[in-house]
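Undergrad:
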Amino acid sequence: MASLTPGMSVGEGGRFRLEHKLGEGGMADIWSAIDLQQDPASGAAQVAVKVLKADFLTQTAGNMSTSTSELVDQLSKRFKREAGLLSRLEHRNLARFITSGELDTSGSPFIVMEFIEGETLDGEIWDAAKAHGLIQTKFEGSQPYERMMDPDDIRKIVSETPVMRLSDIFDIAEQVLSGLAYLHNPKGGDGGVGITHRDIKPSNVMIKRDRHGNILQVKIIDLGIAGVASEVREEFGAVTQFTKMGSVLGTPTFMPMEQFKNTSQAGPSADVYAMGVTLFEMITGLEPYSGKGSYEVMGALCNANALDPGKFVRNVPPDLRAVVMKATEREPELRYPSGHEMWGALIRARNNVLDAAMGAFASNATLSSQPTVESDRPPPPPKPVRPASRASRQATVVRRSRMMPPKRPSNSARHMVPIALASLFVGIAITFFVLRPDTWKPEMVPEGRGATNPETVAPPTKTTKVPRDPTPVRTTRPLAEAGDTPAPERPDSAESIFQLGMRFYNARRYDLALERFETAQKLAPSDPEINRMIRDCKRRLGR
28 MASLTPGMSV
38 GEGGRFRLEH
48 KLGEGGMADI
58 WSAIDLQQDP
68 ASGAAQVAVK
78 VLKADFLTQT
88 AGNMSTSTSE
98 LVDQLSKRFK
108 REAGLLSRLE
118 HRNLARFITS
128 GELDTSGSPF
138 IVMEFIEGET
148 LDGEIWDAAK
158 AHGLIQTKFE
168 GSQPYERMMD
178 PDDIRKIVSE
188 TPVMRLSDIF
198 DIAEQVLSGL
208 AYLHNPKGGD
218 GGVGITHRDI
228 KPSNVMIKRD
238 RHGNILQVKI
248 IDLGIAGVAS
258 EVREEFGAVT
268 QFTKMGSVLG
278 TPTFMPMEQF
288 KNTSQAGPSA
298 DVYAMGVTLF
308 EMITGLEPYS
318 GKGSYEVMGA
328 LCNANALDPG
338 KFVRNVPPDL
348 RAVVMKATER
358 EPELRYPSGH
368 EMWGALIRAR
378 NNVLDAAMGA
388 FASNATLSSQ
398 PTVESDRPPP
408 PPKPVRPASR
418 ASRQATVVRR
428 SRMMPPKRPS
438 NSARHMVPIA
448 LASLFVGIAI
458 TFFVLRPDTW
468 KPEMVPEGRG
478 ATNPETVAPP
488 TKTTKVPRDP
498 TPVRTTRPLA
508 EAGDTPAPER
518 PDSAESIFQL
528 GMRFYNARRY
538 DLALERFETA
548 QKLAPSDPEI
558 NRMIRDCKRR
568 LGR
């Protein structure tokens, strides 16, 4: 079979001109290409073309005791059928399918998807792990190579806080799970398609950021080929060894036991398991079973317990830790049934972290901002106080540095000072924990707050409407005490997404708020409040 080279044209009528190779894996190569039917100025001309490798086809055909031409014929039929399915997918967190076809030179199937400019989550985790000294140098013969550390090699705390920023962990995971919830939903049409990805892993997640490092968009890639290739393996019983990089039949590190036993058993809970492992890597910078082959991983899974990031990172929010452990349970029935339930649990975990942070800072601001009154009496002895966290001490320093020398306040000042300072510290709390949540400390989350158990989804019989006030939060009460509504039945409902957008709006993260409002608008395009908040965010962002 002829190899691909830059400048070659593929597709009907030579529609796509190959530019350069973007990546190479055990099964397929990915090329950057130009869609000659699109205006280059539109930004839609650049696409990604994934082509099955000739040596993969030869190897797989040998394992299945069939000819390469017969295998190509089977794959082509499935690609055409899969193209019909992929063309119906429409979700902001899924790479958009364009078309599929066969190479004129070899008949090898290819698939064309939108080109996503950005970095893979795999690369971001690698950079974070390297910054924490968690990348090992190994030797294969005399050749050195680097790999992430295996938790079994560590067995100790490697970091005080997650290796990636906590806000990024939540943002990325929520968007991936939003896409998975859509894929797993069997309703069809706009409600989902009822399919399993089967190869969720950091290298199949693309992240686009702005010049300030804020996340603009997260997309799942490698749709279609994973499903088609798995069907071929199921039908012919092929067992092929693949490298970690570029594998689309399943990557051992991210595969649950049922996927090793029989790919047809890999339902939505298999994607949940893979997402749990991905979250574990984002938090710890460690890769389970790193450097191990398929059979070694399968043997380890026989007696493996759920992955616990708290064994390696000291300060992991308890609710986030619980989500990871439930998602990586060995038995499928103990995990979240699908991406929808895991997504809801993660949203509640994030809300609980924000609520606890706001409550702790608001209480601190209220207690420490009482006006000073001159008196001849000596001050009472201080009451024992639990040592403040680093974040609380930093906030206190800010307050003291801005206070004037104490003097007798007027009657009006006595009332205004506590209110003004309380409002100031609520704003500091929100900004601090949205922008720099990696300094979160576990003692800020009181035990028994009555927060929703992240392992269960108990939808209310009726969703209560919340007054939609776009004015930033001015109260010193924690959100949980300020009339929060229970979690909606669907975490991807317009109301739920709108409420999450309001949290970001009140935290003055207008970019993240706008993203949520625009998502809610797609579900409720005629809602006047959603449209009003979109206009307001764009005005504040200068758009």
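Just so you know, we're using the numbering used here here: the sequence shown kicks off at 28 and counts up by one.
Quick reminder that beta carbons are idealized off the backbone N, C-alpha and C, glycines included.
What residue ranges within the segment 337-370 form continuous alpha helix (DSSP H) runs of no fewer than 4 residues, ordered along the chain?
TA: Fully enclosed alpha helix (DSSP H) runs of 4 or longer: 345-354.
Undergrad: Roughly how many whole angstroms lie between the Cα atoms of Glu545 and Arg119?
TA: Within the sequence shown, numbered from 1, the residue matching residue 545 stands at position 518. Within the sequence shown, numbered from 1, the residue matching residue 119 stands at position 92. For Glu545 and Arg119, the distance between alpha carbons rounds to 11 Å.
Undergrad: Any idea which residues DSSP pairs Val74 with across the strands?
TA: Here the question's residue 74 lines up with position 47 in the sequence shown. In DSSP, Val74 forms a bridge with Ala60 and Glu141.
Undergrad: Would you kindly work out how many angstroms separate the C-alpha atoms of Val190 and Ile310, rounded to a whole number?
TA: For this step, residue 190 is matched to residue 163 along the sequence shown. For this step, residue 310 is matched to residue 283 along the sequence shown. Roughly 6 Å separates the two Cα atoms.
Undergrad: Report all residues from its chain with a CB closer than 7 Å to the CB of Gln202; omit the five preceding and five following residues, and keep chain order.
TA: On the sequence shown, residue 202 is found 175 positions in, with the first residue counted as 1. Cβ neighbours of Gln202 beyond the five flanking positions: Asn120 and Val245.
Undergrad: Can you give the Cα-Cα distance for Met560 and Ser133, rounded to whole angstroms?
TA: Residue mapping note: residue 560 aligns to position 533 of the sequence shown, counting from 1. Residue mapping note: residue 133 aligns to position 106 of the sequence shown, counting from 1. Rounded to the nearest angstrom, the two C-alpha atoms are 53 Å apart.
Undergrad: To the nearest angstrom, how far is it from the Cα of His47 to the Cα of Ala60?
TA: What you label residue 47 is simply residue 20 of the sequence shown in a count that begins at 1. What you label residue 60 is simply residue 33 of the sequence shown in a count that begins at 1. Going by the C-alpha atoms only, they are around 7 Å apart.
Undergrad: What three-state label does DSSP hand Arg375 in the structure shown?
TA: For the purposes of this step, residue 375 is taken as residue 348 along the sequence shown, with counting starting at 1. In the structure shown, Arg375 sits in a helix (DSSP, three-state: H, G or I).
Undergrad: Starting from His239, trace the beta strand (DSSP E) both ways and give me its first and last residue.
TA: Your numbering for residue 239 matches position 212 in the sequence shown. Premise fails: His239 is in no beta strand (DSSP E) and is neither H nor E.
Undergrad: Given 8 Å as the limit, is there contact between the segment 337-347 and the segment 371-385, that is, 3 or more CB pairs closer than that?
TA: Judged by Cβ distances under 8 Å, the segment 337-347 makes contact with the segment 371-385, as three or more pairs qualify.
Undergrad: Taking the alpha-carbon of Val350 as reference, which of Asp195, Thr305 and Ala122 has the nearest alpha-carbon?
TA: In the sequence shown, the residue the question calls residue 350 occupies position 323. Considering only alpha carbons, the answer is Thr305.
Undergrad: With three or more C-beta pairs closer than 8 Å as the rule, is the segment 279-292 touching the segment 191-210?
TA: Not touching, per the Cβ criterion.
Undergrad: Check each candidate in Glu323, Gly303 and Gly337 and name the one with the smallest Cα separation from Tyr363.
TA: Against the sequence shown, residue 363 aligns to sequence position 336. Per the Cα distances, Gly303.
Undergrad: Would you identify the three-state DSSP class for Pro189, choosing helix, strand or coil?
TA: As a first step, residue 189 must be located in the sequence shown, where it is residue number 162. Reduced to three states, the DSSP call for Pro189 is coil.
Undergrad: Do you know offhand how far Gln170's Cα is from Gln163's?
TA: For the purposes of this step, residue 170 is taken as residue 143 along the sequence shown, with counting starting at 1. For the purposes of this step, residue 163 is taken as residue 136 along the sequence shown, with counting starting at 1. Cα-Cα distance, rounded: 14 Å.
Undergrad: Does the count of Cβ pairs from the segment 291-301 and the segment 123-139 closer than 8 Å reach three?
TA: Counting Cβ pairs under 8 Å, fewer than three are found: no touch.
Undergrad: Less than 8 Å between the C-beta atoms of Asn18 and Ile248, yes or no?
TA: Within the shown structure, residues of the chain are numbered from 28 to 570, placing residue 18 beyond reach of any answer.
Undergrad: Here's a check: name, in chain order, each residue in its chain whose Cβ is nearer than 7 Å to the Cβ of Pro229, leaving out the five neighbours to either side.
TA: By 1-based counting over the sequence shown, the position of residue 229 is 202. Counting only Cβ-Cβ distances below 7 Å, and skipping sequence neighbours, we find Thr147, Leu148, Asp149, Ile152, Thr305 and Glu308.
Undergrad: Would you decide whether Glu187 is buried or exposed? Buried here means 16 or more other CB atoms lie within 10 Å of its CB.
TA: Stepping through the sequence shown from its first residue, residue 187 is reached at position 160. Looking at its Cβ environment, which holds fewer than 16 other Cβ atoms inside 10 Å, Glu187 is exposed.
Undergrad: For Leu79 and Ile227, I'd like the C-alpha separation in whole angstroms.
TA: Within the sequence shown, residue 79 is the residue found at index 52, counting from 1. Within the sequence shown, residue 227 is the residue found at index 200, counting from 1. Cα-Cα distance, rounded: 19 Å.
Undergrad: I'd like the list of long-range same chain contacts for Gly240, defined as Cβ closer than 7 Å, with 5 residues on each side in sequence excluded.
TA: In the sequence shown, residue 240 corresponds to position 213, counting from 1. Same-chain partners within the cutoff: there are none.
Undergrad: Quick check: what's the CA-CA separation for Leu550 versus Arg236?
TA: Taking the first residue of the sequence shown as 1, we reach residue 550 at position 523. Taking the first residue of the sequence shown as 1, we reach residue 236 at position 209. Straight-line Cα distance between these residues: approximately 25 Å.
Undergrad: To the nearest angstrom, how far is the alpha carbon of Thr590 from that of Ala55?
TA: Because the chain in this structure spans residues 28 to 570, residue 590 falls outside the shown range and cannot be described.
Undergrad: Within 10 angstroms of its Cβ, does Gly353 collect 16 or more other Cβ (buried), or is it exposed?
TA: Your numbering for residue 353 matches position 326 in the sequence shown. First, the residue type needs correcting, since residue 353 is Lys and not Gly in the sequence shown. Classification for Lys353: buried.
Undergrad: Between Asp195, Arg535, Leu113 and Ile234, which lies nearest to Thr223 when the distance is taken from Cα to Cα?
TA: The count along the sequence shown starts at 1 and reaches residue 223 at position 196. Per the Cα distances, Leu113.
Undergrad: In this structure, how does DSSP classify Gly211 when only helix, strand and coil are distinguished?
TA: Numbered from 1 along the sequence shown, position 184 holds the residue referred to as residue 211. Per the sequence presented here, residue 211 reads as His, with Gly not at that position. His211 falls in the helix class under three-state DSSP.
Undergrad: The ligand PLP heavy atoms versus the CB of Gln163: any closer than 7 Å?
TA: Because no ligand of any kind appears in the structure shown, any question about the ligand PLP cannot be addressed here.
Undergrad: Taking all protein chains shown into account, do 16 or more other C-beta atoms lie within 10 angstroms of the C-beta of Tyr322, making it buried, or fewer, making it exposed?
TA: Here residue 322 refers to the residue found at position 295 of the sequence shown. Looking at its Cβ environment, which holds fewer than 16 other Cβ atoms inside 10 Å, Tyr322 is exposed.
Undergrad: So, is Asn342 buried or exposed, given that buried needs 16 or more other C-beta atoms within 10 angstroms?
TA: Here residue 342 refers to the residue found at position 315 of the sequence shown. Asn342 comes out buried.
Undergrad: With 16 as the cutoff for other CB atoms within 10 Å, does Ile184 come out buried or exposed?
TA: The count along the sequence shown starts at 1 and reaches residue 184 at position 157. Exposed is the call here.
Undergrad: Should Phe531 go down as buried or exposed, given a rule of 16 or more other Cβ atoms within 10 Å for buried?
TA: Position 504 of the sequence shown, counted from the first residue, corresponds to residue 531. Looking at its Cβ environment, which holds 16 or more other Cβ atoms inside 10 Å, Phe531 is buried.
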